[in-house]
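The structure appears below as structure tokens.
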Amino acid sequence: MRVAIFGAGATGCYLGGRLSNAGINVTLICREKVKKAIEANNGIGLSDYLGSRFRVMPNKLVVAVEELKAAEAIFDVVFVMLKCQQVNGIAQDLLNISDEHTDIVFMQNGIGSFDDIRSSMPARKLYQGVTSFNVLAMDNCVYHQGTEGGIVCQSFRHSDILQKALNQQHEFFECVEDIRCVIYSKLLLNLNNALNAIANLPLKEELEHIKYRKVLAGAMKEWLAVVKHEQIALTQFTQVKPHWIPKLLTLPNWLFTRIAKQMLTIDPKARSSMWQDIHDGKATEVDYLNGAVVKLAKNYGIKTPINSAIVQMIKQLEQGEVVDFDLVNFNN
Ligand SMILES: NC(=O)C1=CN([C@@H]2O[C@H](COP(=O)(O)OP(=O)(O)OC[C@H]3O[C@@H](n4cnc5c(N)ncnc54)[C@H](OP(=O)(O)O)[C@@H]3O)[C@@H](O)[C@H]2O)C=CC1
Ligand SMILES: CC(C)(CO)C(=O)C(=O)O
């Protein structure tokens with residue numbers, strides 16, 4: 001079985017490395033700088049919060065699908081590991097490396113990017129999945145899983161084989177029938193991505209400040225109001241039930257740090273992928289995260305002043321403007 005990772009950055013290199021290490025034939029479709037870094041370091045280094053460390057070289061690295069010979073151009077499974085805003089631009093490339101039997105799995109956070117591309121590929125088998133952990137790109141091409149969690153996907157034709165290969169040491173690759181519950185629940189957690197970028201702090205340190213936690217709790221409540229209207233039963237990713245998370249976040253520091261131990265079991269250096277985008281001067285996924293809350297809430301007449309203010313702040317940061325969190329009015 002041949003697997004392609006389309007867009008090998010943080011999560012793509014991590015998943016590609018795990019698959020290669022499990023004996024799966026993996027091709028990475030990545031940027032030139034990623035390819036050069038992997039070659040220069042004799043492979044992708046993987047480490048995780050459980051102490052596992054290894055280095056592995058995928059079967060093939062290409063920077064454009066045109067580099068693939070006819071005999072190797074069609075894959076059994078393609079994992080699309082791009083940022084949301086990049087997905088729509090690769091429809092033709094995906095058509096070129098797949099046929100009607102290929103399982104194409106979109107692994108983006110948030111809501112909207114899958115709908116953007118679905119209509120361009122009506123004759124393909126498309127699925128969605130979620131990366132429920134944080135990946136930190138470190139020196140020497142090492143990708144570090146900084147929090148617990150795994151990959152959760154809709155079941156697809158080859159998912160059993162991947163599950164067997166990847167779950168030998170511990171449960172890492174899980175398949176579910178209803179992915180919407182998973183995606184909606186992951187969005188609840190990802191509402192912090194923007195605040196983490198605004199706070200400009202590691203995730204752990206940011207969550208130790210009640211001023212960020214209170215705004216996050218408010219943003220989450222807006223999303224939970226939408227979820228209630230849509231009657232979605234959210235998947236539980238943390239030890240706390242999704243609906244209790246806002247309550248937990250607003251506890252005073254001394255109590256929060258005791259009760260939310262698991263939530264704070266994060267690599268001290270880990271930051272959100274949106275922080276990374278702002279840091280690199282790139283466009284962010286905010287329209288698919290906090291922006292998606294604002295958009296869906298309109299269908300039900302739900303007001304979203306907090307998520308709207310967060311979107312506004314991120315747009316300012318994208319333009320290189322300075323944002324002062326303490327001066328923002330979240331009640332407008
Ligand atoms: N990072 C994390 O810890 C987590 C991320 N996620 C989610 O997973 C998704 C992927 O995130 P992440 O891995 O961080 O993203 P990255 O930006 O690290 O990885 C995407 C990679 O694909 C490259 N790329 C873009 N277009 C192409 C193309 N046409 N051909 C080849 N390469 C291309 C990008 O290059 P360039 O940057 O030059 O465009 C980048 O190297 C997002 O939706 C994110 O929210 C989910 C959980 C955790
Ligand atoms: C795991 C988490 C929530 C970390 O912020 C993430 O999904 C991201 O950074 O995009």
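Take the sequence shown: its position 236, counted from the start at 1, is 236 in the UniProt record's numbering, and no numbers get skipped.
No residue lacks a Cβ here, since even glycine has one placed at the ideal position from N, Cα and C.
- Assignment of Y49 by DSSP, reduced to helix, strand and coil, places it in the coil class.
- By alpha-carbon distance to G23, the top candidate from M107, L126, Q163 is Q163.
- By a beta-carbon distance limit of 8 Å, I104 does not contact S113. Their separation comes to about 13 Å.
- The C-beta distance from C13 to V63 rounds to 14 Å, too long to fall under 8 Å, and the pair is not in contact.
- Under DSSP, K125 shares a beta bridge with D103.
- For F6, the enclosing beta strand (DSSP E) has its first and last residue at 2 to 6.
- I117 and A91 have their C-alpha atoms spaced approximately 7 Å apart.
- Minimum Cα-Cα distance from A217 among the listed residues T304, L46, R124 corresponds to T304.
- The count of Cβ pairs closer than 8 Å, one atom from the segment 276 to 283 and one from the segment 254 to 266, stays below three, leaving the stretches out of contact.
- Taking C-beta atoms as the reference points, T147 and T11 fail to come closer than 8 Å.
- Bridge pairing for R55: G45 [DSSP].
- In the three-state reduction of the DSSP assignment, V227 falls in the helix class, which pools H, G and I.
- Annotation: V311 to I74 spans about 39 Å, alpha carbon to alpha carbon.
- Taking the CA atoms as reference points, L50 sits about 27 Å from F6.
- Residue pairing by DSSP places E174 opposite V152 in a beta bridge.
- Contact annotation, N196 with R271: C-beta distance approximately 6 Å; criterion of less than 8 Å satisfied.
- Closest in alpha carbon position to G150, among D48, H158, D139, V80, is D48.
- Counting only the Cα atoms, L187 lies some 11 Å from G291.
- Shortest gap from the CB of S273 to any heavy atom of ligand 1: under 7 Å.
- Apart from sequence neighbours up to five positions away, the residues of its chain that approach L234 with a beta-carbon distance below 8 Å are C181, Y184, S185, L188, V227, P242, H243, ordered along the chain.
- In this structure, T265 has its CB at a distance of at least 7 Å from all heavy atoms of ligand 2.
- Look at C30: its beta carbon is less than 7 Å from one of the heavy atoms in ligand 1.
- Going by C-alpha positions, D326 is about 22 Å away from T284.
- Taking a C-beta distance under 8 Å as the contact criterion, E222 and V293 qualify as a contact pair.
- Straight through space, the alpha carbons of K69 and N134 are spaced by roughly 34 Å.
- In the same chain as N41, and ignoring 5 residues on each side of it, the C-beta atoms closer than 7 Å to its own belong to N140, C141, in chain order.
- Per DSSP, the unbroken beta strand (DSSP E) holding T27 starts and ends at 25 to 29.
- Membership of Q145 in the beta strand (DSSP E) is indicated by the continuous run 142 to 145.
- Annotation for V87: the continuous alpha helix (DSSP H) segment containing it runs 84 to 87.
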